[in-house]
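Student: Got a structure for you, questions after.
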Amino acid sequence: MSRRHRVRGCVLPPLRRYPTVHELGVHAAALAARRPEDVRLRRVGTSRAGAPLWLLSVGHGSRQALVVAGPHANEPVGGATALRLAERVLADPRLTEGADATWNLLLCLDPDGSRRNETWLSGPYTLGHYFRHFFRPGFLEQPEWLPEGEGGAVLPETRTLLDLQDELRPFLQCSLHGVDVGGAFVELTRDLPGLAQRVAHSAARLGIPRELGPYDTLYWPMLGPAVYRVPPPRTGDLAAAITEAAVESTWFHPQPYGTVTAIVEAPMWGVDAVEDPARPADPDAVLRSVSHVLRRDTQHLESVLARVRPGLGTSPAVARLLAPVDDYLLVGPGIADSWDPGVRDSTTRALPPLDTARLTALRLAGRRVALRTAGLLHQLVTATGRDPGGVLPELDRLIDLWCADYRDGCGAYWIPVARQVEYQARVVLAVFDLAGRHPRVSPAARDSGWGAVPRPTAPVRRD
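Each position in the sequence shown, counted from 1, maps to that position plus 682 in my numbering.
Quick look at the structure:
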């Protein structure tokens, strides 16, 4: 039986679509009204566009757990998971009174960006519909990152999260992310022994593939199958930040409080080959092919952008769509060169051993760069109400062709929303349990190879 049809021993609720940002607030308010003695809802900040940032807190324990949903605008699973967790925690006193814990659920860190994805949010859940309406801001506008360090954080969403971390000093932080095409995996700022087995169990029961060599973690230590250790933050250029993510971030800000952070990734479309450990006969040939395709597609899209850019204008709306386009086109050739055996030399960072799982992840990542860029360009041209360069038919053809490669060439299949949410909620609960069994790591006690992390200086938010 195909993995996509196996859900053993699990009864799922009728959750058929992702909630919107507005619906997250409505459901959270209803929960707080129903159980006011156990649930509090408060506004902890305001987005750049004036949207409220809502924190839903459940329980009255002294140990704080912080769950951050919606850090990336195109990853809506986390909001639904946060609501599911609130219901579960309310139904099980062992997760609050029994653990002396309070659960703090930030419903959406980037509501402005998330609203720009609502065109595809309710379906149909097809790859073409998703990528034509995909939005994710440029790197400098993603609120989890600290490209200028903690003191240089200017986004109000980022400052809200930093202040909240300083207020709560959580023993655990979970950042809820989504993978558009691929598999499930977890990233940790320090090891939680036993998590890999729990991830494997939940993924198997829910028919979700684990990603055993994600592109995001290409150079990171593996703590267990589909569980990876985030390297220490360092200063780097934009390309390094996008391709390796080993930069300063809100994942590490609460580390001086002994916080362990888990980044929990749940896929929308699964690809079974991302957990295939077989080694291809000629991995270099696969690398050359993947690199060539990414380089060719990036050059093609650069030519499309050059044709349409003069007619786009300079409005803030155009600038916000252009920023991620420029980011993707900037890093695409460098990524291709870093993989290509014909370009790599003794000064290039060595790739890890390449099995089918890792090579599939690289193929998916290269295609992702091209598809996201094409989708954003499609929106830029469509928004102008005209197509003087005549590029829309070309972009439609490319999006259809590349989505077909995901679907037919890689075997991508849709994972129902309810299963995505159930998987992510189970992993968060497993992380909560394991983090609670281990004492906090003091600021002075750091693992080998980790640099000193300065104590946060951001003001504590009390309102």
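Cβ coordinates follow ideal geometry from the N, Cα and C atoms, glycine included.
Mind checking S973: buried by the 16 CB within 10 Å criterion, or exposed?
Tutor: Looking at its Cβ environment, which holds 16 or more other Cβ atoms inside 10 Å, S973 is buried.
Student: What would DSSP say about G760, mapped onto helix, strand or coil?
Tutor: It is helical.
Student: Of all the options L870, V1103, Q1106 and V1113, which has the alpha carbon lying nearest to the alpha carbon of D934?
Tutor: According to the sequence provided, residue 934 is Phe. The question's Asp does not apply to it. Among L870, V1103, Q1106 and V1113, the Cα nearest to that of F934 belongs to L870.
Student: Cβ of L1003 within 7 Å of Cβ of L1062?
Tutor: Yes, they are a contact pair.
Student: Kindly identify the DSSP beta-bridge partner or partners of I945.
Tutor: According to DSSP, I945 bridges with S857 and E869.
Student: Quick one: any contact between the stretch 844-860 and the stretch 812-819, if contact means 3 or more CB pairs under 8 Å?
Tutor: Contact between the stretch 844-860 and the stretch 812-819 is absent, because fewer than three Cβ pairs lie under 8 Å.
Student: Among P1070, S857 and F821, whose alpha-carbon lies nearest the alpha-carbon of V946?
Tutor: Nearest option by C-alpha distance: S857.
Student: Skipping 5 residues on each side, what residues in its chain have a beta carbon closer than 7 Å to that of P907?
Tutor: Excluding residues within five positions, the ones whose Cβ falls inside 7 Å are A878, A882, R892 and L894.
Student: Indicate the three-state DSSP secondary structure (helix, strand or coil) for S973 in the structure shown.
Tutor: Correct three-state label for S973: helix.
Student: Can you give me the Cβ contacts of R1122 inside the same chain, cut-off strictly under 7 Å, excluding the 5 residues immediately before and after it?
Tutor: Counting only Cβ-Cβ distances below 7 Å, and skipping sequence neighbours, we find F853 and G940.
Student: Nearest by alpha-carbon distance to A731: which of R798, E719 and R1050 is it?
Tutor: Checking every option, the nearest Cα to that of A731 belongs to R798.
Student: Here's the rule I'm using: 16 or more other beta-carbon atoms within 10 Å means buried, otherwise exposed. How should L1083 be labelled?
Tutor: When all chains shown are included, L1083 counts as exposed.
Student: Measure the alpha-carbon distance for P819 versus V968 and round it to whole angstroms.
Tutor: In a straight line, the C-alpha of P819 is about 31 Å away from that of V968.
Student: How is P1075 classed by DSSP in three states: helix, strand or coil?
Tutor: Residue state, collapsed to three classes: helix.
Student: Output needed for Y700: all residues of its chain with C-beta closer than 8 Å, excluding positions within five of it in sequence on either side, in chain order.
Tutor: Only P758, V759, G761, A762, L803, S804 and V1099 meet the Cβ criterion.
Student: Apart from the five residues on each side of it in sequence, which residues of its chain come closer than 6 Å, Cβ to Cβ, to R851?
Tutor: Cβ within range, chain order: Y939.
Student: State the DSSP-derived secondary structure class of L888, mapped to helix, strand or coil.
Tutor: Residue state, collapsed to three classes: helix.
Student: Under the assumption that R880 contacts A1056 (Cβ atoms under 8 Å), give the Cβ distance between them as a whole number of angstroms.
Tutor: Contact flag wrong, Cβ pair sits at about 38 Å.
Student: Going by beta carbon distance, what residues of the same chain come within less than 7 Å of T702, once the five residues before and after it are set aside?
Tutor: Closer than 7 Å at the Cβ level, and outside the excluded window around T702, lie E800 and L803.
Student: Exposed or buried, which one is V708 when buried takes at least 16 other CB atoms within 10 Å?
Tutor: The residue in question, V708, is exposed, as its Cβ has fewer than 16 Cβ neighbours within 10 Å.
Student: Report the residue ranges of all beta strand (DSSP E) runs contained in full by the stretch 962-1033; include only those spanning at least 3 residues, in chain order.
Tutor: Listed in chain order, there is nothing to give.
Student: For L1059, name the three-state secondary structure that DSSP assigns.
Tutor: L1059 falls in the helix class under three-state DSSP.
Student: Nearest to L767 by alpha carbon, out of N786, S729 and G889?
Tutor: Comparing Cα positions, the closest option is N786.
Student: Which first and last residues belong to the alpha helix (DSSP H) in which Y812 is found?
Tutor: Counting along the chain, the alpha helix (DSSP H) containing Y812 begins and ends at L809 to R814.
Student: According to DSSP, is V1103 helix, strand or coil?
Tutor: Looking at V1103 - three-state DSSP - the assignment turns out to be helix.
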